[in-house]
Structures are given as C-alpha cells and as structure tokens.
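Throughout the sequence shown, residue numbering follows the UniProt record's numbering, covering 1 to 670 in sequence. Here is the structure we will look at.
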Amino acid sequence: MKKKHILFSTIISMGMMVSSCSDYLSVEGKLGENTQSLENIFENKEWSEQWLATAYAWLTWSNIDIGSKDNCITNFSDDMCYSDRNLEYRVFKYCEYDENWKQDSWAQAYDGIRHASIFIHNIDRNKEMTPDEIVDYKAQARFVRAYFYWKLLQKYGPIPIIPNDGVMDYNAAYEDLYIPRSTYDDCVNYIAEEMKLAAKDLPLKRDTRNMARPTRGAALATRAKALLYAASPLNNPRPTDTERFTDLVDDEGRYLMAQEYNEEKWAKAAAAARDVVELGRKGVYELHTVSAHSTGTIDNPATIAPPTHAVYSHADFPAGWRNIDPLQSYETLFNGVIFPSENKEMIFTTGQNNGDINTMIQHQMPIAFGGYNCHAMTGKQCDAYQMNTGKPFDKTKDWTGDENYVSAEEAASGDWAPLVEGVNKQYGHREPRFYATVAYNGCLWNGTNAVQSYDRNLIIWYYRGEESGWSNSGDRWLATGIGIRKFVSSRDNFKTEGGVISKPVIGIRYADVLLWYAEALNELGASTYQIPSWDGTQSYDISRDKNEMSYAISRVRIRGGVPDFGSDVYENADEFRKHLKHERQIELFAENSRYFDLRRWKDAEYEESQQMYGCNAYMSKTERDLFHTQVINSNLPTTFSRKMYFWPISHDQLRRNLRLTQNPGWTYYD
C-alpha cells in the first residue's frame, strides 16, 4: 500500500502555489519544507509572520470578497451585466460553463487552510515572539482558516472539513486521506465554534497599520453570517417546501442539507448578530455618516436634503437625517476617500492594496476617463431604487415626451438636482443611494485627477454615436444604457497615471449585520428563546421584537435618506420579508451579496430567470424617447437551472479525493 508524507490536506489542495504570484505569495519558495524545517521556520518571528501572510494572501485572489469578474464572478446576479469578453457573460448566465470553469477558489482556499493549520500547530515554539503576540497570531490564523471554510461553504455548499484540527497522519494510506463532505449544518457549526475561539483572543480594535487583520467583531460577524445561512430556506426548508436537495448526499448516501424546518436556527442567527449589534451599542461600530453642508463645489456638491419629513427632517442621526448628507454618507463608504481605520462601519477588510476593485471600476467608467465602459446595471436594479420619499418608483409610467426631460430652466432652478438639462426625469427625485450608485444617461463624472482640465467634470451620454454609446466595432458600450458609479470617487480618472485612489475591499460592514439581525428576528413566531451571548456572560431573550427590528432597519434607511418601514410592514412577517429583501438589494448592490442572497432564500429560480431589460442603447440622441423606452435586451440572455444553486466541484478535485461527491446536476469525470 502506498504511503504519502502529508501534514495537511494535500489530497484536496495539492499545496497549490502559482509561479505568477508576487514574492508576497511565494513564501513557501523561501520557507518551504525543502529549504527549511518547520521547526526552524516557526522559531523565527519574521519567517513565522511570512508563513501566516501566505494564508492571508489567498483572500486577495479568487476568494476576494468584492471584485471584478475574473476573481469574483458571483458579484454578477440579476443586477449587473457585462458586454466584454466575447460571449463569456452568456456562458455564465446561460450556465454553459463546465465543471472546471473559474475553479481557482477551491484550491486557493484549501491552501490557505493548510497554511493556517500548520501555523496554529507550530507557532507556540516561536522564541522571538512575546506570549501575547503568539496568542494574537494564533487567533488570526484560526479566523483565517474558518473564513476560508466559510467562503467555500457559501459557494460550493457542504465541503470537507479536515479532521484532527487540520493535521493528518504523515504515513496514512491514500484511501485514509480521502475526506467526505460534511453536512451543511456541521460546516456551519464548525465555523461558528472556530470563530468563537478566535474571538476570545482577538482584540476589539486594530491600529492603522493592522486594519487588514481580523478583530473580535470580525470573528463574531462571520459567525453570525454563517448561522444566518444555516437558518435560511436553502438549508432550513419549511413544511410546504418541495425543494430539499435530497440528491445532495455524501459518498454513503447521507443527506448533506437539512430536511426539516427548525425555527430555533433563526433565533441562534439573531443572537449571533446581536453579539455584534451590542458592540455597536457600545460604540465599537456605527454606520458611517458625513455631515450635512450647505455649500459645495462641482465635485463635492452641497447636501441635497431629502423631502421634508415630520420626524426625520428635525432630528439628528440616527433618529433623523437633519445633520447628515445621506448621499455622501453612503458614497464615501466605498470610494476610497476615507481609510478603513477611519470608518467605524467596517468590520472586516482585506485592505486597500488589491487591484481587483480598481479593475472592476475601470470596466464601469466611461471611455472619456480611460474606462472600458462595459459593466452595466440592469433596468431591474435601476428601477428598484425608491423615490426620495421612500415610495416605490413607478415602472408603469410613460417617460416619453419633451415634458419628461429636464429643461434648461428646470436645471437652473435646482429643483431636479443633480440632473442636468436633457436628462430624462425618470432619474429625478430618487433616493440618495441611487445617485451614489447609478450612472444614468447624462450623469456628471468628475475625474478631477486628470491632468488636463478638458478631461474633468464631463457629462456622459450613452446614446448611439456618443463616445460611450453603442458601437458595432467593439464591446465598450453598456448593454442596458445604464452605468454604475459605486466605488468611484470624484477624483478617479484612468487617463492619468496614479489617477485612481485605492479602495477598501469590504468583507463585512455593520449595515449588513443590522439587516441580518432584523431578518432573523422577523422569522420567529410567538416563541421566545433564551440564548447565551457568544462568551456566555449574558443571556438574550430572542423573539420577534418589532422595536429591535426597527432599531436595525431604521438606521440603515435613515442613513440612506429614506424613512423607516411603516408599522404595517412590521406587523406582517411576509411584508417585512419582502421589504427586507428589497433593502438588501439596494444597500448591498455590487458587494457580492445578491448572488448568494437569492440562493439562500431559494429565490434565484424566479429572480435570475427573468429577462433582462434596460434602455434601448441602439438609439441615438435624436431618438431619445426610444432610448428611454424599456426594452428586453436580446444580448443579455439569462436563465436559471436547479444546478446553479451550488457551484460545481471540479473534476480535478473529484479525482484527487475519491470520497468527494458532486453537486446536483453537475457531472463526474469520465
């Protein structure tokens, strides 16, 4: 029987390191087992830190939290589309890809897990670190390992959890190294327990130099997110649900997804989110806001106050919006003008040194600013943004005719700000998050880092014949005629070297936690659950508390410049669920959330199969009414099949681990 010298899950990860990576990623080339013993590595502080850095590094590639399509294809759901890469978008949305497409995340995650486990089991021998440093570093490694498991679970569903705390027998037979998939609940319970262990030894805050390292709140928030997913319909089917994924089994035929509904899962998810909310109540976290200002410039305009409201216009945040600028409060969360260390909404970030977000931004930006002008927003997403009163946008209204375009007089009056002359009024009087996110036809782009003044502060039109409009000679045009501004700062301009400021990669932020908390509370019936806090120091009474739900929701919406839900919504669980889903669609747009939300809610089969629509981008400025008439775009085919709930496991991994089972609908290797 063959023997294999193996410390960790080489059968799963193959110890994958790629030659194209930077020296930062190539730690093993300098410190690997061929050149240094583990004993020598972990007795040395610098080498130990570099080893842990390798584990961290895999969070910046195919497991990045937010990015462009190469490394983060799941950032595209029913809300965004792209027109470059020939027919790749069609391949993705029509599910024409095979089991080996975009599969780096699996191997990279397990390599990160391997590095973290080796670190955990060897760092105690370090002779150059203080005891406190060892405790912190070990907790970081535990967080990173559990975070990789979380990323795998979110994408692939149930995955193998390496036994014996990640250490395997050096001399085991091949067949003893094959590891089956754990159940979804077992995966979540493992992640939750590991994050609790990490939280005990992680600090509440990090200094500026260490902002990309996890804190106690990051561990608790990841725990809460995993428990929320375990409670969601994908893994917690109600009695009336017909889809229970009974064909998702391990190699012995055991169901990997829960088959019975358990309301207590929602209570546990709510309690876990409450752990983070309590940190917010103590001032560790808060929603980011920018103060209101009555004067401004073209690239930093004066605050546009929401319509007068009897309550919110006369109270300071969080009770109202009197003292904040809702648009800039939301916009500056993402566009890099503030550092993560200055942003108390940021719970976990991998830092500002990853270029993938800037790659995404370049694909969003117009050609005039050196952009590729090919990432577009769907009409469905654009229409989802509410009016500035908090009421829904009227999708049935006819927006044609001269009276539905801003006139010179109307533009000068400021009544339609920030719309300029010639912009269709369907984009007027929308909620502030709309203007921080949507690049509508006739939108102002600043790009003030440009060297030449004529490359700054440009109105961009997407009509056929315009520079960023439709062209039959290339793919640099927006298929829906609706662009994306999120993550773009007023300075960004790719025509200037160094003209784009770095953006934070947001893993978890406090607004997301507040929405988890409200969502989980809403799903509880008449029962009250007593659930201990993460450290057992107190007990929470968890119930469908409408005051707590409003505490969470109102903060997010008021910061966004729109009123809290009405009392009728809070009284009705079904109505609240519908409004909550809509709120997540708006607040978390382009943050790699929608794709996974639709799957955990089991809504993807409906939402992602709808035909995509938008403006008629083939129309010129002289045909502006036709441009702004909603059309189904034949270039944006979309469908949803059941197998798209889970990403396929690659044939390579199935060959390497003979106890792995494939996700439903996908094939095994020949």
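Where a beta carbon is used, it is the ideal one built from N, C-alpha and C, also for glycine.
- In the three-state scheme derived from DSSP, where H, G and I count as helix and E and B as strand, A258 is classed as coil.
- Excluding sequence positions up to five before and after G422, its CB lies within less than 7 Å of the CB of Y405, V406 and G442, all in the same chain and listed in chain order.
- When only Cα atoms are considered, L444 and E587 end up about 22 Å apart.
- If you draw a straight line from the Cα of V562 to the Cα of R430, it comes to about 10 Å.
- G379 carries a helical assignment under DSSP once its states are collapsed to helix, strand and coil.
- The beta carbons of P326 and R559 sit about 6 Å from each other, so the pair counts as a contact at 8 Å.
- Pairing Q154 with A270, the inter-Cα distance amounts to about 19 Å.
- The DSSP-derived three-state label of L458 is strand.
- Counting along the chain, no beta strand (DSSP E) covers S105; the unbroken alpha helix (DSSP H) around it starts and ends at D104 to N122.
- If you check the CB distance, V505 and T350 come in under 7 Å.
- For Y285, no beta strand (DSSP E) encloses it, and the DSSP letter there is neither H nor E.
- In chain order, F369, R456 and N493 place their CB closer than 6 Å to the CB of G447, counting only its own chain and leaving out the 5 sequence neighbours on each side.
- When DSSP reads this structure, D541 sits in a beta bridge with Q530.
- For the pair K196 and A230, the CB atoms are not nearer than the 7 Å cut-off.
- When the beta-carbon positions are compared, M619 and T638 stay at least 7 Å from each other.
- Residue state for C443 is assigned as strand, using DSSP reduced to three classes.
- Inter-segment contact for the region 290-300 and the region 215-226 is absent: fewer than three beta-carbon pairs are separated by less than 8 Å.
- Measuring C-alpha to C-alpha distances from D316 to each of Q386, V167, V290 and P131 identifies V290 as the nearest.
- Cβ-Cβ distances below 6 Å link K425 to N404 in the same chain, with the five nearest sequence neighbours on each side left out; the list follows chain order.
- Partner residues in the beta bridge of I484, as assigned by DSSP, are V438.
- Within the region 534-621, the complete beta strand (DSSP E) segments at least 3 residues long are 539-542, listed from N- to C-terminus.
- An exposed status is given to K205, since fewer than 16 other beta-carbon atoms sit within 10 Å of its beta-carbon.
- V144 is not a Cβ neighbour of A173, given a cutoff of 7 Å.
- When DSSP reads this structure, Y190 sits in no beta bridge, so it has no partner.
- With contacts defined by Cβ atoms closer than 7 Å, M129 and K200 do not form a contacting pair.
- Using a 10 angstroms sphere on the CB of I298, the tally of other CB atoms stays under 16, which defines it as exposed.
- Per DSSP, F627 is one residue of the alpha helix (DSSP H) stretching across R624 to F627.
- Within the region 366-418, the alpha helix (DSSP H) runs of at least 4 residues that lie entirely inside it are, in chain order, 379-384 and 408-413.
- With a cutoff of 7 Å on beta-carbon distance, Y372 and R244 are scored as not near each other.
- The alpha carbon of V284 has as its nearest neighbour, out of P307, N343 and N236, the alpha carbon of N343.
- Looking at the backbone, the Cα of Q364 and that of R485 are separated by about 7 Å.
- Around the CB of I118, 16 or more other CB atoms lie within 10 Å, so the residue is classed as buried.
- For Y82, DSSP records a beta bridge to H375.
- At the C-beta level, T437 and F589 come within 7 Å of one another.
- Nearest C-alpha to T54 among T74, Q108, C72 and I338: Q108.
- In this model, A218 and G536 are separated by some 18 Å (Cα to Cα).
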